[in-house]
Amino acid sequence: MLARGLRRRGHSVAVLLLRSEGLERAGDLRREGVEVTELRVPLLRPWYDAGGKIRLPAAMARTIRVLREFRPDVVHAWLFEAEAWAAAAKGLGAPGAFVTTRQSLGLYKDASPWKQWVQNAYNGMTRAVVCNSRAVAKDVVARERNLERPRVAVIHSAVDGEAIRQAAPTDFRHAFGLAFEPEFVAVCVCNLFPYKGVGDLVDAWKVVVSVHRRAVLVVAGRDGGARREIAARIREHDLGRNAILAGPRGDVPSLLMGADLLVHPSREEGFPSAVLEGMAAGLAVVATDVGGTGEAVVDGGTGWLVRPRSPEELAAAILEAVSAGSGPGEAGRRRADRRFSPERVVEGHERLYLRVVGGSRAG
Numbered sequence: 205m206l207a208r209g210l211r212r213r214g215h216s217v218a219v220l221l222l223r224s225e226g227l228e229r230a231g232d233l234r235r236e237g238v239e240v241t242e243l244r245v246p247l248l249r250p251w252y253d254a255g256g257k258i259r260l261p262a263a264m265a266r267t268i269r270v271l272r273e274f275r276p277d278v279v280h281a282w283l284f285e286a287e288a289w290a291a292a293a294k295g296l297g298a299p300g301a302f303v304t305t306r307q308s309l310g311l312y313k314d315a316s317p318w319k320q321w322v323q324n325a326y327n328g329m330t331r332a333v334v335c336n337s338r339a340v341a342k343d344v345v346a347r348e349r350n351l352e353r354p355r356v357a358v359i360h361s362a363v364d365g366e367a368i369r370q371a372a373p374t375d376f377r378h379a380f381g382l383a384f385e386p387e388f389v390a391v392c393v394c395n396l397f398p399y400k401g402v403g404d405l406v407d408a409w410k411v412v413v414s415v416h417r418r419a420v421l422v423v424a425g426r427d428g429g430a431r432r433e434i435a436a437r438i439r440e441h442d443l444g445r446n447a448i449l450a451g452p453r454g455d456v457p458s459l460l461m462g463a464d465l466l467v468h469p470s471r472e473e474g475f476p477s478a479v480l481e482g483m484a485a486g487l488a489v490v491a492t493d494v495g496g497t498g499e500a501v502v503d504g505g506t507g508w509l510v511r512p513r514s515p516e517e518l519a520a521a522i523l524e525a526v527s528a529g530s531g532p533g534e535a536g537r538r539r540a541d542r543r544f545s546p547e548r549v550v551e552g553h554e555r556l557y558l559r560v561v562g563g564s565r566a567g
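The following block contains the structure:
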């Protein structure tokens with residue numbers, strides 16, 4: 205989205221992939237004039253096997269050569285592995301003002317403190333750090349070193365509402381072989397990591413189903429280590445016909461367009477894209493008030509915010525949302541289109557890049 209938007213504004217843009225992941229999108233980008241190059245970087249970790257050590261110098265030489273040929277004004281690295289690699293290239297003379305991104309709270313680094321040490325080291329050469337919420341920016345300022353507050357920028361994530369609303373609504377009864385027509389459907393879009401709080405949602409859903417016997421919950425996302433426990437909890441609560449673990453899905457927009465409600469029960473969050481997608485689809489949102497979620501959801505306006513780890517509050521908010529009608533969902537759709545559009549995010553990055561390079565060039 206960002207590469208295309210910048211290209212359409214007259215900037216030269218290249219996308220450098222560490223490895224082959226994402227190459228399926230290369231054709232579309234290249235047709236729009238965006239260069240896409242695979243750098244063939246071996247998997248980064250604090251140590252390397254013999255094969256990785258052999259491939260590292262060639263991959264770094266390739267990276268520096270590509271950057272010198274493109275001669276960028278800005279090198280924007282996305283997420284830790286790309287940041288560490290790009291910082292090493294910068295240290296070896298690669299051109300371009302170095303910009304990095306934080307898209308989640310830094311709690312994951314508590315278990316891997318070496319990652320924070322590495323970030324602190326390359327923060328010294330970083331011209332700007334882009335955070336996708338004010339909550340993430342606050343966490344960065346408190347947690348990281350060698351980084352003054354003026355270099356931390358907030359540009360919220362975006363959602364393409366028009367693309368989502370073009371999807372055909374899912375017929376849940378037929379798509380999932382339900383034995384009954386659902387009274388209403390709530391969708392939760394998240395990978396099944398323990399911190400995503402889906403177990404709390406299942407506990408809340410037991411209460412919801414005690415009131416609405418034909419309510420259906422569909423959870424879309426890959427297993428991040430918590431699926432077995434969540435499935436056991438569904439069995440324990442006898443929710444087999446009311447709660448579906450749908451696994452990874454390629455039709456999330458259709459699920460959203462066919463649903464009545466989006467629920468996001470996470471225990472920690474930077475700025476959840478799933479919440480923006482639900483709002484763009486016109487769904488009221490029930491979410492936990494963690495991280496930057498409250499920067500997207502207006503409590504009492506576009507949805508309901510509850511405390512994390514509180515199935516009781518989650519159930520009460522879901523029941524209230526079911527009886528609230530379409531008003532909150534419509535308000536959420538307008539807010540998503542106005543505040544979190546792709547155009548606003550592209551404009552925000554463009555302003556940041558021009559500031560970083562002094563506004564002297566548009567390349």
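Everything in the sequence shown is counted per our numbering, starting at 205 for the first residue and increasing by one. Glycine residues also receive a C-beta, built at the ideal position from the N, C-alpha and C atoms. Since the model is a prediction, treat every value here as computed from it, not as a measurement.
| Item | Value |
| --- | --- |
| Span of the alpha helix (DSSP H), counted from its first residue to its last, around G214 | Per DSSP, G214 belongs to no alpha helix (DSSP H) and is neither H nor E. |
| Whole-angstrom C-beta distance between V238 and W289, which should lie under 8 Å | Wrong, their Cβ atoms sit about 20 Å apart, outside the cutoff. |
| Residues near Y557 in its chain [Cβ-Cβ closer than 6 Å; skip 5 each side] | V278 |
| Option in E285, V358, R369 and T304 with minimal Cα separation from A339 | V358 |
| Option in V303, F302, T304 and K319 with minimal Cα separation from G310 | K319 |
| Completely contained beta strand (DSSP E) runs for the segment 378-415, where each covers 3 or more residues | 388-393 |
| Secondary structure, alpha helix (DSSP H): runs of 4+ residues fully inside the segment 452-506 | 456-462, 477-484 and 497-500 |
| Opening and closing residue of the alpha helix (DSSP H) in which V526 lies | P515 to V526 |
| Rounded straight-line distance, which links the Cα of G562 to that of E534 | 41 Å |
| Sub-8 Å separation of G495 and S337 beta-carbons | yes |
| DSSP state of R275 mapped onto helix, strand, coil | coil |
| Nonlocal neighbours in the same chain, by C-beta distance under 7 Å from A207, ignoring five residues either side | V217, V219, L233 and V238 |
| Which of helix, strand or coil DSSP assigns to V240 | strand |
| The beta strand (DSSP E) enclosing L556, as first and last residue numbers | Careful: L556 lies outside any beta strand (DSSP E), inside the alpha helix (DSSP H) at P546 to V560. |
| Limits of the alpha helix (DSSP H) - the one that V363 falls within | Per DSSP, V363 belongs to no alpha helix (DSSP H) and is neither H nor E. |
| Beta-carbon proximity check, A463 vs A408, cutoff 8 Å | no |
| Beta-carbon proximity list for R565, same chain, < 8 Å, skipping 5 on both sides | Residue confidence is low: R565 scores 44 on pLDDT, short of 50, so the model does not pin down where it sits. No coordinate-derived value is stated. |
| CB contact flag (T506, R539, <8 Å) | yes |
| Pick from R347, V479, E516 and L459 that is closest to A500, judged by C-alpha positions | V479 |
| Exposed unless 16 or more other CB atoms sit within 10 angstroms - verdict on P452 | exposed |
| Beta-carbon contacts of A450 that lie in its chain and below 7 Å, excluding the five residues immediately before and after | V422, V423 and A424 |
| In chain order, each beta strand (DSSP E) run of at least 3 residues that lies wholly inside the segment 256-340 | 278-280, 301-306 and 332-335 |
| Residue range of the unbroken alpha helix (DSSP H) whose run includes L351 | Looking at the DSSP string, L351 is not in any alpha helix (DSSP H), and its letter there is neither H nor E. |
| Extent of the continuous beta strand (DSSP E) to which P421 belongs | Going by the sequence as given, residue 421 is Leu instead of Pro. A419 to A424 is the extent of the beta strand (DSSP E) around L421. |
| Pairwise C-alpha distance: G226 and C394 | 20 Å |
| Closest Cα partner of E551 within the set E285, A362 and F274 | A362 |
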